[in-house]
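Below is one structure, written out as C-alpha cells, with a few remarks after it.
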DNA sequence: AAATCCACCAACCGCAAAGGA
DNA sequence: CTCCTTTGCGGTTGGTGGATT
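Residue numbers (full-length UniProt numbering): 1 to 225.
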C-alpha cells in the first residue's frame with residue numbers, strides 16, 4: 001500500500017521522465033518494462049512506462065486530429081469488431097488503441113443512445129450498402145457458378161444418354177413466362193432472376209438501413225458480439 | 001466576469017492471456 | 001502441471017482548456 005505509493009510515482013509524466021524513458025528504449029529497445037523502470041532510473045512501474053511509450057513517446061505515432069477517412073475506417077471496423085480497440089488500431093498506422101477509444105467515446109458513444117446526426121447516418125448507410133453490394137456480387141458469382149455446374153452436368157448427362165441411346169439431342173424449349181419475356185425483349189433466366197431479387201432486396205435494405213436510426217450504431221455491433 | 005458545460009486527452013486500474021521457471 | 005511474472009487490453013477516471021450561459 002503506502003510502500004508502493006512511496007516507491008512508484010503516479011500522475012502526469014515530466015519532460016525529464018520522458019527523456020529518460022526515450023533514452024533507455026533507444027539503447028535497449030522495447031520490452032522488459034518492469035526492469036526499464038529501475039534501469040532507466042525512473043520511479044515508475046513497468047505498466048506506466050509501457051503505456052507512456054506506446055501512447056505518447058513512440059516515434060511512429062501520428063499526431064493531430066483524426067481525419068474523416070480515419071473516422072470512416074473506425075466506424076466500419078467498430079461495426080465489425082465492436083470495442084476491440086487494439087484490433088481497430090492495427091488498421092490505422094500511427095494511431096493507438098487509447099486514442100481511438102477516446103475518439104469513439106467522445107464522438108459516438110452519446111450518439112448511440114440518441115439519434116445519429118445526418119452525416120454519420122449517411123456514412124453508416126453508405127458503408128452498409130457497399131458491404132451488401134459486395135456480398136450480393138459474391139452470391140451472384142456463386143449462383144452463376146452453380147448454374148454453370150448444373151448446365152455442365154446436364155450437358156454431360158445428355159451426352160451420355162445420347163451416346164448410349166443414339167437419340168438425337170433436343171434443345172430445351174422456352175415456355176410460359178420465360179417465353180413472354182423473351183418475346184418482349186426482356187432478359188430472362190438467371191440474370192433476370194438476379195436482377196429482380198437485387199431490386200427487391202434493395203427495397204428491403206433501404207428499410208434495414210433505417211434500423212440504425214432507431215437503434216443507433218451499436219445495435220449491430222452489440223448483436224455481433 | 002464568473003460559473004458551468006463539454007470535448008479532448010493522458011493516465012490508472014483490474015483482469016486475462018502468454019510465457020518462463 | 002503449477003505458480004509467478006510480464007504484457008496487453010478494455011473500461012474508467014481525472015485534469016485541462018475552450019465555449020457557452
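Where is the CB? At the ideal position from N, CA and C, for every residue including glycine.
1) Drop a sphere of 10 angstroms on the beta-carbon of residue 39, count the other beta-carbons inside from all chains shown, and report buried for 16 or more, exposed for fewer.
2) Taking contact to mean at least 3 C-beta pairs separated by less than 8 Å, is the stretch 96-110 in contact with the stretch 69-86?
3) DSSP three-state label for residue 53, please.
4) Can you have a look at residue 24 and say buried or exposed, based on whether 16 or more other CB atoms are within 10 angstroms of its CB?
5) Near residue 33, what residues of its chain come up, given a Cβ to Cβ distance below 6 Å and the 5 sequence neighbours on each side ignored?
6) What do you get for residue 14, buried or exposed, if any count of 16 or more other CB atoms within 10 angstroms of its CB means buried?
7) Expressed to the nearest angstrom, what Euclidean distance is found between the alpha-carbon atoms of residue 61 and residue 81?
8) Tell me where the alpha helix (DSSP H) around residue 71 begins and ends.
9) Residue 43 and residue 21: beta carbons closer than 8 Å?
10) Look up residue 91 in the DSSP assignment and say whether it is helix, strand or coil.
11) Closest to residue 76 by CA distance: which of 65, 108, 96 is it?
12) What is the C-beta distance between residue 96 and residue 54, in whole angstroms, given that I count them as a contact (C-beta under 8 Å)?
13) Compare the C-alpha of residue 57 against each of 11, 64, 19, 9 and name the closest.
14) Express the C-alpha separation of residue 41 and residue 8 in angstroms, rounding to a whole number.
15) Please look up how many angstroms separate the CB atoms of residue 92 and residue 70, rounded, as I've assumed it's under 8 Å.
16) Rounded to the nearest angstrom, what separates residue 90 and residue 27 at their Cα positions?
17) In angstroms with no decimal places, state the Cα-to-Cα distance between residue 104 and residue 29.
Result, derived from the coordinates:
1) exposed
2) yes
3) helix
4) buried
5) 46, 49, 50
6) exposed
7) 23 Å
8) 68-81
9) no
10) coil
11) 108
12) 6 Å
13) 19
14) 12 Å
15) 6 Å
16) 26 Å
17) 31 Å
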